[in-house]
Every structure is written in structure tokens, then in C-alpha cells.
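Peer 1: Top to bottom, those sequences are chains A and B. Offset between the first sequence (1-based) and the numbering used here: plus 87. Offset between the second sequence (1-based) and the numbering used here: plus 11. All C-beta atoms in this analysis are idealised placements derived from N, C-alpha and C, irrespective of residue type, glycine included. None of these values were measured; they are calculated from a predicted model. Can you keep this structure in mind? I'll have questions shortly.
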Amino acid sequence: MIRAFTLLLSTLCVLGLGSTLHAQEAEAVDFETEILPILEENCWDCHRAPYRTDSGRLRKPRGGLRIDGASFLLEGGNDGPAVVPGNARQSPLFQRIVLPEDDGDLMPEDGPRLPQAAIDKIGVWINGGAEFGSWIGEGAELTESAAPPPASETEELYQRLAEGVSPVEDATLESIRREFGDGRIQLRALDTESRLWRVQFSAHRRSVDDEALSVLASIRENVAELDLSDTRITDRVASAIAAMPSLVRLQLDRTAISGRTIDQLGDLPELRVLHLVGCEQVKDAQLASIQKLENITRIYVWKSGLSRKAIRTLRSERPGLRVFGAPDLPQPDSEGEPGPQGRRRR
Amino acid sequence: MKNFLEASNRSDDPTRRSFLAGLAATTLGVTALPRVGAAAQFTRRVPRARNVIFVYLSGGMSHVDTFDPKPERREVMGPMGIARSSVDGIALGQHLPLLAQRLDRATLIRSMWSNQGAHVQGRYFLHTSYSLRGTIRHPSLGAWLTHADGPDNPTLPPHVTVGGDQYGAASGYLPQSTAPLPIGDPGAGLQASKLPKGVDQGRFDRRLERLRRMNEEYRQNHPGATVDGYDTAYEQAVSLMQSADLQAFDLSLEDEATRAAYGSSKIGQGCLLARRLVEHDVRFVEVVSGNWDTHVENFEALEERLPDLDRALATLISDLEARGLLEDTLLVVASEFGRTPRITEGRNGRDHHPQAFSTLLAGGGIRRGHVHGRTDELGEEVVEGKVTVPDFNATIAHALGLPIDHEFQAPSGRPFKIADKGRPVLEVFE
């Protein structure tokens with residue numbers, strides 16, 4: 088609360104306005120007796136239900152915003168909600184009354200700036216949660232907002248894995264970056280507490296060889312996604328990969344790894360996604376090893392050494408596993424025409 | 012209450028905390044401010060999308076002829092038929108059969124809403140979530156991603172547009188380094204990226220050094236973001252010229268079958284280029300396709316244009332998927348607004364219609380074979396699951412794990428958020 092007020096105060100200072108807000112911090116503001124009269128007097132001419140003026144002209148609410156009902160204030164107009172409870176700075180209703188004098192967006196549009204006392208009142212009311220009391224005004228009654236949906240399976244998995252490992256120290260990250268050289272490795276935290284990491288080499292992947300994996304030993308428990316595609320690694324890295332217990336996604340596309348690496352992936356309890364595009368040394372002999380990877384849900388094998396028959400076998404024996412082979416590209420000669428399946432009508 | 016800077020640390024910078032604090036202090040005017048009010052309810056725990064391919068259909072693509080057909084209503088459809096899709100009970104317009112076959116890999120949003128009915132304003136709103144004003148230029152989503160999360164591949168520009176213009180993707184009030192690299196013709200590759208004839212690397216370096224010396228006095232006399240911006244542009248260009256990944260821009264390295272599958276159209280080759288770029292860890296690629304403003308002879312125009320788009324998008328989805336890129340590449344297909352379901356008499360066309368239109372999302376953790384929202388039986392109004400343009404951008408930003416709750420401050424001192432007051436549509440995520 089104190090922080091919110093300090094913040095509000097600093098905003099007002101930025102905008103060149105003084106404030107006496109801190110003095111009113113402890114007082115609760117009653118909407119109906121203290122705020123509503125200000126709004127009625129200064130805002131309602133332009134921001135209420137459409138009405139006919141004395142000259143007979145139909146006047147619609149400006150900016151699509153009505154201020155004559157609690158639900159309208161919270162729902163807002165063309166620019167979104169007018170009031171964000173608990174945060175005056177994010178509330179257009181407040182923002183627009185504290186702008187500099189020469190800003191065309193300053194409200195009220197034609198009248199003088201609101202008295203400082205009124206501005207402060209509105210700020211305190213919004214920061215205090217923008218309670219309307221029993222007032223509803225025009226429009227719908229307020230309802231509780233829906234709860235956010237539960238975390239997805241992926242999110243739950245990462246959450247569980249994150250709980251099992253310690254955050255990576257900045258010093259550790261720096262030492263890894265130093266070993267590789269400037270910009271040659273990208274380390275990205277996947278969770279909000281720096282426990283799980285994605286490792287990739289982007290521009291420098293072609294210079295990465297088996298040595299690289301030893302440098303990652305210090306964060307081996309934290310690596311959840313490892314992209315080694317297009318690197319010069321060989322089967323000798325298999326044991327280093329197998330020693331990464333949090334590994335969820337492994338990208339080995341277009342590398343020289345073969346069955347010996349696949350055999351060792353069985354030691355990875357959390358592995359879900361395996362990329363083997365262009366791994367020509369992964370052959371049908373590895374089918375059994377792949378089938379033993381119990382937890383994987385997606386595997387990419389286009390241009391690998393796996394035959395079509397092996398891919399079919401994998402699909403039929405592991406129905407829960409999505410096997411991605413060659414792309415179903417549209418026929419090039421059917422320019423503008425429906426593909427063979429596109430013609431199918433029910 | 013945890014403040015934003017503590018709660019968000021997923022970049023590879025020495026510490027993201029100090030980066031963000033520094034960023035706010037140096038480029039946005041004042042120091043980063045702690046969050047107030049509700050907790051960071053929309054900070055994603057694990058972002059699934061890393062890169063974005065944003066296919067922007069400029070001019071306002073008719074939703075009822077494409078993503079939201081109304082086969083029961085002849086007065087809406089005119090001569091337009093439908094194509095059944097791979098998702099039960101869902102059809103697309105008849106000229107999108109290839110995409111329809113792959114709809115089981117995408118989410119359709121049929122309840123988009125905008126309040127901007129003019130092209131420039133609508134395009135600006137779609138890209139920035141803010142309405143166009145005279146006093147300020149807002150950053151587009153690609154600039155935000157570049158700014159708040161940084162590049163992955165240090166030798167390529169993180170943000171590229173293929174065929175865009177000034178009211179689309181832009182850096183706005185963010186530093187010049189977040190602006191997109193514009194590519195005009197996808198087939199022509201990156202122009203002027205090789206050393207001139209007879210100039211070797213040594214001579215090139217000496218030229219650059221001379222340029223630096225010539226500029227030095229001016230730079231000292233005129234310090235500021237604009238001058239720095241020019242320097243940044245030069246540095247990025249030189250770094251790009253020396254990049255081993257420059258070949259990402261060269262479509263001639265693709266095999267014939269793939270090039271043919273995408274089609275020889277501009278949108279087809281643009282989508283192929285986009286795929287090559289995200290493959291090399293470029294983070295945000297916008298591909299612009301024009302001429303969707305079908306006020307006159309709507310059906311003839313669409314019959315001519317939609318097959319190219321259909322082929323390009325269908326191939327892109329299949330190609331991204333087989334390469335494993337759909338895991339963390341978010342494909343977005345959007346227009347600034349839809350078109351009137353009522354066919355205009357005499358002109359046989361459709362006019363602008365922002366209050367109901369459709370978009371498509373695929374990959375990057377987006378649900379497969381899902382339809383969000385619904386319009387009325389004519390396609391005129393949203394009746395279920397309304398998604399405003401800021402909500403749509405918040406959804407993309409959320410997929411990328413960007414801090415949509417965070418307030419950034421523009422140089423003028425006013426607070427802004429990545430997608431304004433947009434709220435992510437959580438139902439579209441897996």
C-alpha cells in the first residue's frame with residue numbers, strides 16, 4: 088500500500104503536480120458521497136447513455152465510454168477499462184485528469200482542470216480498490232470474474248521439475264559463457280525463478296563439438312531443453328546428455344549421432360520431445376530403443392535413417408506418440424486446385 | 012507482493028533484472044517501476060513460443076469468404092462455396108481447401124473485434140494495440156519482443172518484415188535497434204549484402220574506420236538517440252554482412268519441390284523466406300500480403316488471390332511441422348478488419364467491417380483443431396468469446412512469455428503496456 092502511494096506520488100511529480108495524497112492514506116473514500124458527485128458534475132455530459140440535447144441532437148457517449156454505471160467504468164470504452172481497481176496509474180479515468188495542460192487528451196475536455204482535492208480523491212479511491220459500495224448506477228450488476236484456467240500439462244511438468252532443482256547462480260552462467268566465448272551460447276531461463284534452462288548455439292552451432300557438453304556439466308540438472316541441431320557432436324556425448332535428469336526436449340537434428348546415443352536416452356525419465364530430423368545414422372535397428380522411450384509424446388524423424396515401414400510400426404505400436412515424418416506438402420502441379428483430400432466431401 | 016523485476020528472469024543476459032532496470036533507465040526515460048495492484052496474473056510460467064511468423068493480410072480480408080463462412084445464408088455467401096476441413100463440423104471458404112485440410116493443427120478465432128474501420132488506423136491498431144495519434148508512435152509486437160527478450164542469433168537481425176510499410180511493424184518510441192529489417196522482394200534475397208567488386212575485407216574495414224572518424228565530430232556535437240540509431244543501423248548491417256547465416260535469406264538454396272509447394276507467388280516465397288529465417292533463430296518475421304480490399308467484385312478478386320494464400324499457408328504449416336519448428340514457432344494470420352457480410356449492390360463487393368472478423372493461430376503451444384468464439388448467423392456481430400485487437404496481441408505476447416502486465420514508460424513519461432489493456436485468451440493454449 089505504502090509503495091503504491093509512493094508510486095502515485097512519484098507519477099504526479101513526473102507530471103509536475105504536487106500532491107497531498109499521503110496525508111489521506113488512512114481514510115477510506117465513499118464512492119457515492121465523495122466520488123459520484125465529481126463524476127456527475129464533470130464527466131456525465133459526454134459520458135452517459137445516449138440522449139437528446141436541448142437542440143434535439145442525439146449525443147452518444149464520447150470514446151464509447153459511459154461513466155454512469157459501475158459496470159461501464161470497469162468495462163470501459165474504446166480504449167478498454169476506465170478504472171483498474173488498485174491502480175490509479177493504469178486507470179484512464181485517472182491518467183486523463185493528470186496530464187499536462189497542453190496535452191489534447193486532458194479531461195475534462197473543455198472545462199478547467201479538476202481541483203487537486205478532487206484528483207486526489209479519485210486517485211485514493213482507485214488505489215484503495217475502487218469499491219462502489221451499494222451503488223450500481225446504469226447497466227449490469229457486477230459479477231465475480233472467472234477464475235483463470237488450470238495450468239496445462241506442460242506447465243505442470245515444468246513446475247514439478249523446477250521444484251526439484253536449485254536456481255542457477257549468475258556466476259555459473261557467466262563462467263559457461265566465458266568458456267564458450269562471446270555470444271556463442273544462448274542460455275534462457277524457462278521458468279520465473281531461473282531453475283530450468285534452454286541451451287542453444289544459434290549462429291555458432293557448426294563450431295560446437297563433443298567438448299561443449301562438458302562445459303554444461305555444472306548446470307546439467309537444470310537443462311530442460313537442449314538444442315544441439317547442426318552441431319558436430321558424435322555419439323561420445325551420449326553419456327553427458329543422459330546425465331541431464333530434467334531434460335524434456337532434445338534437438339539433435341542433422342547431427343552424426345547414431346543408435347548408441349538413442350540407446351542411452353532411456354535413462355532420461357522426463358524426455359517428452361525428441362528431434363531427429365536428418366539424423367541419417369539413426370536406422371531401423373534403433374526402433375526398439377525408441378519404443379522403450381516411454382514418456383516421449385512427440386518425435387521428429389523426417390530425413391532420418393528410419394524407413395517408412397519403421398515409422399508405420401512406431402505409429403501403430405505407440406498410439407500416444409505423435410510421429411512426424413515427411414511433410415504432407417501440397418502437390419506442386421495442382422496450383423489453385425484442391426489437393427486429393429481437399430476434394431473429400433461428406 | 013513480488014515485483015516484476017524479481018518475478019521475470021528468463022533471458023540469457025548476465026542478469027535480466029539488471030538488463031531491464033538498465034533498459035528502463037536508459038531508453039524509456041525513468042527507472043523501472045515496481046508493479047502495483049494485482050499480482051502478475053498473466054505472467055506465463057513456461058512460454059512455449061520463441062519465434063513468430065506473422066502473416067498480415069493488408070486491406071481487410073473478408074472473413075465470411077474465408078475463415079467464417081455462412082453456408083446457410085445465400086445472401087451472405089453469394090456464389091462462394093465452402094471447403095470441409097479436417098476438424099469436425101468446421102468449414103472454410105471454398106478457395107482454402109489446402110489450409111482446411113490442415114486446420115487440425117491450428118486454432119481459428121472467429122470473434123475478433125476492432126473499432127478501427129480505416130486501413131491505416133486499423134493496421135496501426137493491429138500492430139501496436141493502440142489507436143493512431145498525432146503525438147506518439149507506438150512499437151509493434153516484433154519490436155517489443157526484440158526489446159524485452161533480445162535476439163537469439165547474434166549475427167542476424169531479430170526482427171524482419173517482408174513487404175511491409177511504415178504503419179505496420181515499427182520500433183515506435185523504442186530504440187532504433189528494435190526496428191524490423193525490411194525485405195522488399197523475398198526472391199531477391201538480401202540486397203547489397205556483399206562487398207563491392209574490388210573491395211576486400213581490409214579495404215572495407217579501412218573505409219568503415221574512415222567513416223567513423225568523419226562522423227566523430229558530428230556525433231560529439233549532436234549526441235542523442237537519432238544519431239546513435241544511425242550508428243546502430245551501420246553496426247547491424249556490417250555484422251549481418253559477415254554472418255555465416257546470411258544464406259538464410261537465399262531462397263535458391265531450397266530444393267525445387269519445396270519452392271514449388273509454397274508457390275511462386277509473393278506470399279508463397281515470403282512464407283518460405285520466413286521459415287528459413289526462424290530456422291536460423293530470427294525471432295519475429297512479418298510477411299505482408301496486399302490487395303485484400305475487395306470493395307468491388309469481391310468474388311472475382313478472391314478467386315484470384317486466395318489460392319496463392321491457401322497454398323502458402325498450407326505448405327508453411329506442413330513444412331514447419333515436419334521440421335519440428337511448430338513446437339516453438341507461433342504462426343499468426345491476421346487482417347486489420349473483416350468485410351461486410353452484406354454484398355454491396357451494383358459493385359458486387361464488400362466494405363470494411365471491424366466489429367466481427369477472424370484470425371488464425373498455429374504452433375507455439377496453441378491448441379490444435381480448435382475454434383474460439385462465434386459470430387451471429389450473418390457474420391455481422393460477435394456473439395460469443397469476443398477478442399479485441401489488444402486481447403489478440405496480448406495472447407501472442409503471452410505465448411512468448413512477454414511481461415504484458417508490466418508498465419513501460421515512453422520517453423514522454425506516459426505509461427504503456429505491450430498490448431495496452433489487452434487480456435490474453437487463455438482458452439487457445441494447449
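#1: Express the C-alpha separation of Pro193/B and Arg214/B in angstroms, rounding to a whole number.
#2: For a test of the three-state rule: what should DSSP assign to Tyr67/B, helix, strand or coil?
#3: With Ser346/B and Leu119/B assumed to form a contact (beta carbons below 8 Å), what rounded beta-carbon distance in angstroms separates them?
#4: What are the residues in the segment 365-390 of chain A lying within 7 Å of chain B by C-beta distance?
#5: In the DSSP assignment, find the unbroken alpha helix (DSSP H) run with Trp155/B in it and report its ends.
#6: With a threshold of 7 Å between beta carbons, is Phe92/A in contact with chain B?
#7: Can you tell me which of Gln368/A, Ser403/A and Val388/A puts its alpha carbon nearest to the alpha carbon of Ile85/A?
#8: Scan the segment 340-352 of chain A for residues whose Cβ lies nearer than 8 Å to a Cβ of chain B and list them as they occur along the chain.
#9: Just checking: is the beta-carbon of Ile429/B within a distance shorter than 7 Å of some beta-carbon in chain A?
#10: Starting from the C-beta of Pro414/A, find all residues in its chain whose C-beta is less than 8 Å away, skip the five residues before and the five after it, and write them out in chain order.
#11: List the whole-angstrom C-beta distance separating Thr348/A from Ala325/A, where the pair is believed to meet the contact cut-off of C-beta under 8 Å.
#12: Scan the segment 352-427 of chain B and note each continuous beta strand (DSSP E) run of 3 residues or more that stays entirely inside, going in chain order.
#13: Thinking C-beta only, is Arg322/B closer than 7 Å to Leu109/B?
#14: Counting only the same chain and skipping the five closest in sequence on each side, list residues whose C-beta sits under 6 Å from that of Gln111/A.
#15: Is it the case that the Cβ atoms of Thr318/A and Arg282/A are separated by a distance below 7 Å?
#16: Please compile the residues from chain B whose C-beta is within a distance smaller than 8 Å of the C-beta of Thr241/A.
#17: Count Cβ pairs between the segment 353-363 of chain B and the segment 286-306 of chain B that sit closer than 8 Å; are there 3 or more?
#18: Return the Cβ separation of Leu313/B and Val344/B in integer angstroms, given the expectation that the two are a contact with Cβ distance under 8 Å.
#19: Residues of the segment 112-126 of chain B with a CB closer than 7 Å to any CB of chain A: list them in chain order, please.
#20: With a CB to CB cut of under 6 Å and the five nearest residues on each side skipped, what residues in its chain are close to Glu312/A?
#21: Suppose the cutoff is 7 Å on Cβ atoms and the five residues either side in sequence are ignored; what does the same chain contact list for Gly376/B look like?
#22: Within 7 Å of any Cβ in chain B, is that where the Cβ of Leu416/A sits?
#23: Do the CB positions of Thr386/B and Asp79/B come within less than 7 Å of each other?
#24: Name, in chain order, the residues that DSSP records as bridge partners for Thr118/B.
#25: Taking DSSP as the reference, what is the three-state secondary structure of Lys370/A?
#26: Measuring CB to CB, does Thr340/B end up less than 7 Å from Gly396/B?
#27: Of the residues that make up the segment 320-346 of chain B, which ones have a beta carbon closer than 7 Å to any beta carbon in chain A?
#28: Within 7 Å (strictly less), CB to CB, does Asn164/B reach chain A?
#29: Against chain A, which members of the segment 237-263 of chain B pass a CB distance test of less than 9 Å?
#30: Of all Cβ atoms in chain B, is any one closer than 7 Å to the Cβ of Tyr138/A?
#31: Could one say the Cβ of Asp76/B lies closer than 7 Å to chain A's Cβ atoms, at least one of them?
#32: Could you tell me which residues DSSP puts in a beta bridge with Pro193/B?
#33: Rounded to whole angstroms, what's the CA-CA distance from Pro332/A to Arg287/B? Just pull it up for me.
#34: How do the segment 168-175 of chain A and the segment 187-206 of chain A stand: do at least 3 beta-carbon pairs fall below 8 Å, yes or no?
#35: Would you mind reading off the limits of the beta strand (DSSP E) that contains Leu361/A?
#36: Could you check which residue in Ala375/A, Ile306/A, Arg385/A and Glu298/A has the C-alpha nearest to that of Gln338/A?
Peer 2: So, from the data block:
#1: 27 Å
#2: Strand.
#3: 13 Å between Cβ atoms; not a contact.
#4: Tyr387 and Trp389
#5: Leu152 to Asp160
#6: Because the pLDDT of Phe92/A is 43, which lies under 50, any placement of that residue in the model is unreliable, and the question is left without a value.
#7: Residue 85/A is absent from the model: chain A starts at 88 and stops at 433.
#8: Residues of the segment 340-352 of chain A with a Cβ closer than 8 Å to any Cβ of chain B, in chain order: Asp340.
#9: In terms of beta-carbon proximity, Ile429/B stays away from the interface with chain A, with every pair separated by 7 Å or more.
#10: Trp389
#11: 4 Å
#12: 368-373, 381-383 and 393-395
#13: Between Leu109/B and Arg322/B, the C-beta gap is smaller than 7 Å, which places the two residues in contact.
#14: The pLDDT assigned to Gln111/A is 46, lower than 50, so where the model puts this residue is not dependable; a value taken from the coordinates is nonetheless given after this. Taken in chain order, the residues that qualify are Val211.
#15: no
#16: Per Cβ cutoff of 8 Å: Val57, Arg59, Gly376 and Glu441.
#17: yes
#18: Wrong, their Cβ atoms sit about 15 Å apart, outside the cutoff.
#19: Gln112 and Asn126
#20: Arg285 and Arg336
#21: These residues qualify, in order along the chain: Arg59, Ala60, Ala410, Phe440 and Glu441.
#22: yes
#23: yes
#24: According to DSSP, which records beta bridges pairwise, Thr118/B is partnered with Leu372/B and His381/B.
#25: strand
#26: no
#27: Arg322, Ala325, Thr326, Ser329, Asp330, Glu332, Ala333, Arg334, Gly335 and Glu338
#28: yes
#29: Ser254, Ala255 and Asp256
#30: no
#31: no
#32: Thr172/B
#33: 32 Å
#34: no
#35: Val360 to His362 is the span of the beta strand (DSSP E), which, as asked, contains Leu361/A.
#36: Arg385/A
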